[in-house]
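Peer 1: Counting from 418, one number per residue, gives the positions in the sequence shown under our numbering.
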Amino acid sequence: MSELAERLGYPSDAKLVIVSCDDLGSCHAANVGVYRAIRDGAATCASIMVPAPWARHAAADYDDADDIGVHLTLNAEHELYRWGPVTHAPSLLSGETGFPRNLDDLWEHADADEVYRELKAQIARAQAWGIDVTHLAPHLTAITLRPEFFGIYLDLAVEFALPIRLPSTVSADKAGFPFRKLAADEGVVF
418 MSELAERLGY PSDAKLVIVS CDDLGSCHAA NVGVYRAIRD GAATCASIMV PAPWARHAAA
478 DYDDADDIGV HLTLNAEHEL YRWGPVTHAP SLLSGETGFP RNLDDLWEHA DADEVYRELK
538 AQIARAQAWG IDVTHLAPHL TAITLRPEFF GIYLDLAVEF ALPIRLPSTV SADKAGFPFR
598 KLAADEGVVF
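#1: Reducing DSSP to helix, strand and coil, say where Asp439 ends up.
#2: Could you pull out every unbroken alpha helix (DSSP H) segment of at least 4 residues lying fully inside the segment 473-548, listed in chain order?
#3: When the distance is taken between beta carbons, is Leu553 closer than 9 Å to Leu579?
#4: Measuring CA to CA, which of Ile569, Pro564 and Ile455 is closest to Val532?
#5: Counting beta carbon pairs with one atom in the segment 460-471 and one in the segment 440-452, are three or more of them shorter than 8 Å?
#6: Within the same chain, show all residues whose beta-carbon is closer than 7 Å to that of Met418, passing over the 5 residues directly before and after it, in chain order.
#7: Take Thr461 and list the residues in its own chain whose beta-carbon comes closer than 8 Å to its own, dropping the five residues that flank it on each side.
#8: Within this structure, are the beta carbons of Thr490 and Ala559 separated by less than 9 Å?
#9: Here's a check: name, in chain order, each residue in its chain whose Cβ is nearer than 7 Å to the Cβ of Trp500, leaving out the five neighbours to either side.
#10: Tell me the rounded alpha-carbon separation between Pro502 and Ala600.
#11: Alpha carbons only, please: which of Tyr452, His495, Glu423 and Glu496 is nearest the one belonging to Ala477?
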């Protein structure tokens, strides 16, 4: 923790708490709640789901003082509330329109080149909407639990010079590869 604290401009023994709100852009209520939490000081930052139905609304409400990252999205877990790729990416579509609902379906069918193009387009779109993107975060850990997708996550973090958020509840043993070490070696850990 001391290295991270120092990189953020705090003393090495500082105790830091980052409260991050996910799913900005997923619905109107999320947008209102997330921005209220950030602007009232209850949360530190948030991440926007660019492909989600209310993402453009969230971008329109963005203020330069807001700490907003991109919630890189490759799945849509809800049965009746769907969203899909912002690029032409047939391997990222489920049979019920939109992104796959679960990670196994995503991992079984996703083409790595389409994943890279889709995630890069999500970052670029957030920037085009005027958001000063501060970090990257995975939606439902989809890109952190498989080495081929995690490599794309790291590549984009380096390409855009952005820190990444890693899941706190997943160990390298569970993932099957040393994702925390790989991120630390690249110097992009959030």
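Note that the Cβ used here is the ideal one computed from N, Cα and C, for glycine as well.
Peer 2: The answer reads as follows:
#1: strand
#2: 520-526 and 529-545
#3: yes
#4: Ile569
#5: yes
#6: A caution first: Met418 carries a pLDDT of 47, below 50, which makes its placement in the model unreliable, though a value can still be read off. Excluding residues within five positions, none has a Cβ falling inside 7 Å.
#7: Val434, Ile435, Val436, Ser437, Ile455 and Asp484
#8: yes
#9: Pro468, Ala469, Pro470, Ala493, Gly515 and Phe516
#10: 26 Å
#11: Tyr452
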